[in-house]
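A.B. asks: Below is the structure I would like to discuss, written out as structure tokens.
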Amino acid sequence: MDAPGLVSSWSDQELAQLAATVGRGLPWRQALREVAQPSASDERSEHRSDDACGNWLWLVDLARWERALDVQGGIGSMTAALARHFTSVHYVDAARPPLEFARARFREDRSANVACAQAGAGALPYPNATFDCVVWDGALGRGVSGVAMVDPPAVLAAVLTECRRVLRPGGCLYVGIATGPVPGRVLPVGGILSALVRMVVRAIRVLPVWTWRRATMQVRRVERLAVARAIPRQLRAAGFARVQAFYIDPSFQQPWSIIPARRRAVLAYERLQMTSARRRRWLAWLSLHPVLFECHMFLAYV
Amino acid sequence: MKHELHELLVAADRAGNLTREIPEDGILIVENYGAIPPAVRRSGCYVWNRGFNVVLLGRDDAPRYFCKCRPIADANLERETAVLRALHSDPELCTIVPRASGARDSEVQLQLNEFVTGWPYERALPRLTELAWVESMAQILSVARMVSRRATDLLPSLLTTPAPAPLCVAAANALRELGAVGLAADVLQGLERALAGAGAVPPLLQHGDLWPGNVLWHHGSWRLLDFEVFGIVQTPLYDVCHFVRNCWTLREPRVAATTTWVARLASDARDAELCRRTILTEARHLGLEATQAAGVLAYYVVDVTAQVIRRGTPQVAWAPLMREVLAAGELLRGGAALRLLDPL
Chain A
1 MDAPGLVSSW
11 SDQELAQLAA
21 TVGRGLPWRQ
31 ALREVAQPSA
41 SDERSEHRSD
51 DACGNWLWLV
61 DLARWERALD
71 VQGGIGSMTA
81 ALARHFTSVH
91 YVDAARPPLE
101 FARARFREDR
111 SANVACAQAG
121 AGALPYPNAT
131 FDCVVWDGAL
141 GRGVSGVAMV
151 DPPAVLAAVL
161 TECRRVLRPG
171 GCLYVGIATG
181 PVPGRVLPVG
191 GILSALVRMV
201 VRAIRVLPVW
211 TWRRATMQVR
221 RVERLAVARA
231 IPRQLRAAGF
241 ARVQAFYIDP
251 SFQQPWSIIP
261 ARRRAVLAYE
271 RLQMTSARRR
281 RWLAWLSLHP
291 VLFECHMFLA
301 YV
Chain D
1001 MKHELHELLV
1011 AADRAGNLTR
1021 EIPEDGILIV
1031 ENYGAIPPAV
1041 RRSGCYVWNR
1051 GFNVVLLGRD
1061 DAPRYFCKCR
1071 PIADANLERE
1081 TAVLRALHSD
1091 PELCTIVPRA
1101 SGARDSEVQL
1111 QLNEFVTGWP
1121 YERALPRLTE
1131 LAWVESMAQI
1141 LSVARMVSRR
1151 ATDLLPSLLT
1161 TPAPAPLCVA
1171 AANALRELGA
1181 VGLAADVLQG
1191 LERALAGAGA
1201 VPPLLQHGDL
1211 WPGNVLWHHG
1221 SWRLLDFEVF
1231 GIVQTPLYDV
1241 CHFVRNCWTL
1251 REPRVAATTT
1261 WVARLASDAR
1271 DAELCRRTIL
1281 TEARHLGLEA
1291 TQAAGVLAYY
1301 VVDVTAQVIR
1311 RGTPQVAWAP
1321 LMREVLAAGE
1331 LLRGGAALRL
1341 LDPL
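If you want it as structure tokens, here you go:
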């Protein structure tokens, strides 16, 4: 699992370099450009890629817009978006380098309504019912302290329960999860479907490498079906009453569209696309739309 | 959806059907350009952004409304809503221009349109025969001409000046901006000379972004979309140049990848001849001479490039347009006249 453009796609060395660069007094945008986004050309383009990631907040139905929490906040892009909608925003991350970077970023931007703290997603240092909104972006993209990453259902259960605990009644949890087509480990969730996926992956390992890679990518698309089924189930198990699923197209870094994960809504979206292939429309028509999108977003209400 | 957005949608919905037709989760965000509220730079200036667009889905998940959401500081949206309302009130234009209404609060403004179903010209264009392409371009440009002419009567306040404007004066700022990003002085001088030689043209409100993506075949007639910059450009034939260039790019992507449209226009290729003929025919309908048409063509490439640069887009976005300017400059080298559009 990998979240394109999120902190999880960077090495520990890069994160440490990022923290060291802002520690030397370099502006955070410049540090990001030098270390993490060498292709970014100017301040405006940085803002644009950062910016649009927060517009999902217009889909959220909340009675109060007072306190928000960004769990595993990374470099703070989502925190910055939350800070424009909520009175007060808390950023937490278990790792030191992204935390140092985020502190420098919000200090430099004079974001008076953002507070940063070091904490793991599995043990949030807040009392029950503290926040109106909690964000877990790039879920399963990084490790959660105290829980083994080899067991994603356990990670999900631990973090979702903790997020549910700190949410006020009527509050909303955002979960962003990316299912990248990178060869590697298959997420063992989704019951029978995931077991089948694992069996297929094992079977194709006997094939030549290039065939295996191509086949693994296809299998990973099927794995998205498992994600689409497993996450809502986990959210309900954690105590959330209402769950809405969306797709983000093409990626979290460039969230050009946010589509309700329903058959006819996806069909309507595909018809709007100039380049949409007939095969995509067929898959949507067959209700296999989760395989079409890498980035899944869930809004769960208490 | 956020309560604030729902309230604005209800306020913009003059017919009062929206709440009944659209479920709470019937919202699809498309063209998500930038955040609302927008990010603020350290200097305190708003970063240019266009917010996002929304398709509102009915209870059967079929698109019902199209809605543009913009930051409150965006000046174009309110203007566009006013333009659309004025144009839609005209009996001749109500089948061409979408019906729109607007609402705003202290943070966000929106424009609500009925969702127009149809076949986008952009999608049909690559598969059209040569004859069908030329005919459809003529039909669409005739519709655009009618909108421009009616708009000049309906929205006289948009006209900067009723008198003919010299092209070299209209292009002065754009040329300065191109110079600022490194366009060579001899190219600038060549363009200035050509624009001065073309003289003045009578003002005519232009759509400003008439490209195949903004044209829809709907129930047996052409509809124009996206009037966000309508009337800002007031040079006749500008829309024609923009439309024909974009049509050519979509029909001839391989040629467009290796050569500029302006250079191609100067060639004997069949597609170039069709483009020239379309532009000249429209110029005649607008009462322009061939030299004036050539002047507008030069003005167009200069202005459209400067517009994209002005938005702060990275160089990679405006470099292809700059190559069009350089191609025009190349044709004008040594004081030559721009003879691209001389009558055939």
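Top line first, the protein sequences correspond to chains A and D.
Counting in the working numbering, the first sequence runs from 1 upward without gaps.
Counting in the working numbering, the second sequence runs from 1001 upward without gaps.
All residues carry an ideal CB built from backbone N, CA and C; glycine is no exception.
1. Between which two residues does the alpha helix (DSSP H) holding D:His1285 run?
2. Does DSSP put D:Arg1099 in a helix, in a strand, or in coil?
3. For the alpha helix (DSSP H) holding D:His1242, just list the boundary residues, first then last.
4. In the DSSP assignment, find the beta strand (DSSP E) that holds D:Tyr1300 and state where it starts and stops.
5. Does the segment 89–96 of chain A come within contact of the segment 117–127 of chain A, defined as at least 3 CB pairs closer than 8 Å?
6. Going by Cα to Cα distance, which pick from D:Ser1148, D:Gly1190, D:Glu1004, D:Gly1208 is closest to D:Arg1333?
7. So what does D:Pro1063 bridge to, in DSSP terms?
8. Who does D:Gln1111 pair with in a DSSP beta bridge?
9. For A:Leu299 and D:Arg1245, what's the separation of their Cα atoms in angstroms?
10. A:Arg107 CB to nearest chain D CB: under 8 Å?
11. Any beta-carbon of chain A closer than 8 Å to the one on D:Met1001?
12. Residues in its own chain within less than 7 Å of D:Ile1029 by CB, not counting five upstream and five downstream?
13. Please decide whether A:Asp132 counts as near chain D, where near means a Cβ-Cβ distance under 8 Å.
14. On a CA-only basis, which of A:Thr79, A:Ala226, A:Ile75, A:Trp56 is nearest A:Arg67? Give me that one, please.
15. Using only the alpha-carbon positions, how far apart do A:Asp109 and A:Pro250 sit?
16. Which residues in the same chain as D:Leu1005 place their Cβ atom closer than 8 Å to its Cβ, once the five residues preceding and following it in sequence are excluded?
17. Beta-carbon within less than 6 Å of A:Thr161's beta-carbon, same chain only, minus the 5 sequence neighbours each way: which residues are those?
18. Should D:Leu1216 be listed as close to the ligand SAH, given that the test is whether its C-beta is under 7 Å from any heavy atom?
19. Using alpha carbons as the reference points, say which of A:Val114, A:Gln244, A:Ala52, A:Asn113 lies closest to A:Ala175.
20. From what residue to what residue does the beta strand (DSSP E) around A:Met274 run?
21. Per DSSP, what are the beta-bridge partners of A:Tyr247 in this structure?
22. Assign A:Val166 to one of three DSSP states: helix, strand, or coil.
23. Have a look at D:Gly1329 and D:Glu1192 and give me their C-alpha separation to the nearest angstrom.
24. Here's a check: name, in chain order, each residue in its chain whose Cβ is nearer than 6 Å to the Cβ of D:Gly1044, leaving out the five neighbours to either side.
25. Anything in chain D within Cβ reach of A:Trp58, meaning under 7 Å, just list it in chain order.
26. Along the segment 1051–1066 of chain D, where does the CB come closer than 9 Å to a CB of chain A? Name the residues.
27. Distance, Cα to Cα, D:Glu1282 vs D:Ala1138?
28. List in chain order: all unbroken beta strand (DSSP E) runs of 3+ residues lying wholly within the segment 85–135 of chain A.
29. What's the gap between the Cα of D:Leu1112 and the Cα of D:Glu1092?
30. The beta strand (DSSP E) spanning A:Arg67 covers which residue range?
31. Could you work out which residues of chain D lie near A:Trp256, taking near to mean beta carbons separated by less than 8 Å?
32. For the beta strand (DSSP E) containing D:Val1010, name the first residue and the last one.
C.D. replies: Result, derived from the coordinates:
1. Looking at the DSSP string, the run of the alpha helix (DSSP H) that includes D:His1285 is 1270–1285.
2. Three-state DSSP puts D:Arg1099 in coil, outside helix and strand.
3. Note, D:His1242: alpha helix (DSSP H), 1238–1251.
4. Looking at the DSSP string, D:Tyr1300 is not in any beta strand (DSSP E); the run it does join, the alpha helix (DSSP H), is 1290–1310.
5. Taking 8 Å as the limit for Cβ pairs, the verdict is that the segment 117–127 of chain A does touch the segment 89–96 of chain A.
6. If we check each option's Cα against that of D:Arg1333, D:Gly1190 comes out closest.
7. Looking at the DSSP output, D:Pro1063 sits in a beta bridge with D:Leu1057.
8. Paired residue(s): D:Lys1068, D:Gly1102.
9. The straight-line gap separating the alpha-carbon atoms of A:Leu299 and D:Arg1245 is approximately 44 Å.
10. No, its Cβ sits nowhere closer than 8 Å to a Cβ of chain D.
11. Proximity of D:Met1001 to chain A, defined by a Cβ-Cβ separation below 8 Å, is satisfied.
12. So the list reads Phe1052, Val1054, once near-sequence residues are dropped.
13. The C-beta of A:Asp132 comes no closer than 8 Å to any C-beta of chain D.
14. Its Cα nearest to that of A:Arg67, the residue A:Thr79 stands out among A:Thr79, A:Ala226, A:Ile75, A:Trp56.
15. For A:Asp109 and A:Pro250, the gap between their C-alpha atoms comes out near 29 Å.
16. Spatial neighbours of D:Leu1005 in its own chain (CB-CB distance under 8 Å, excluding positions within 5 residues in sequence) are listed in chain order as Cys1069, Val1108, Leu1110.
17. Hits under 6 Å: Ala238.
18. Because no ligand of any kind appears in the structure shown, any question about the ligand SAH cannot be addressed here.
19. Inspection of the sequence shows that residue 175 of chain A is occupied by Val rather than by Ala. Answer by Cα proximity: A:Gln244.
20. Counting along the chain, A:Met274 falls outside any beta strand (DSSP E), and DSSP gives it neither H nor E.
21. Answer by DSSP bridge pairing, in chain order: A:Ile259, A:His296.
22. Under the three-state reduction of DSSP, A:Val166 is assigned to helix.
23. Near 10 Å, if we compare the C-alpha coordinates of D:Glu1192 and D:Gly1329.
24. In this predicted model, D:Gly1044 has a pLDDT of only 45, less than 50, meaning its place in the structure is not dependable; the value taken from the coordinates is given anyway. The answer is none, since no qualifying residue turns up.
25. Neighbourhood of A:Trp58 in chain D, by CB distance below 7 Å: Met1001, Lys1002, Leu1005, in chain order.
26. Residues of the segment 1051–1066 of chain D that bring their beta carbon within less than 9 Å of a beta carbon in chain A comprise Gly1051, Phe1052, Val1054, Val1055, Leu1057, Asp1060, Asp1061, Ala1062, Pro1063, in sequence order.
27. Going by the C-alpha atoms only, they are around 8 Å apart.
28. Counting only runs of 3 or more residues that sit fully inside the segment 85–135 of chain A, the beta strand (DSSP E) segments are 88–93, 114–118, in chain order.
29. Rounded to the nearest angstrom, the two C-alpha atoms are 22 Å apart.
30. Taken as a continuous stretch (DSSP letters only), the beta strand (DSSP E) holding A:Arg67 covers 67–71.
31. Those within 8 Å of A:Trp256 in chain D are Val1030, Glu1031, Asn1032.
32. Not the beta strand (DSSP E): D:Val1010 falls in the alpha helix (DSSP H), residues 1003–1012.
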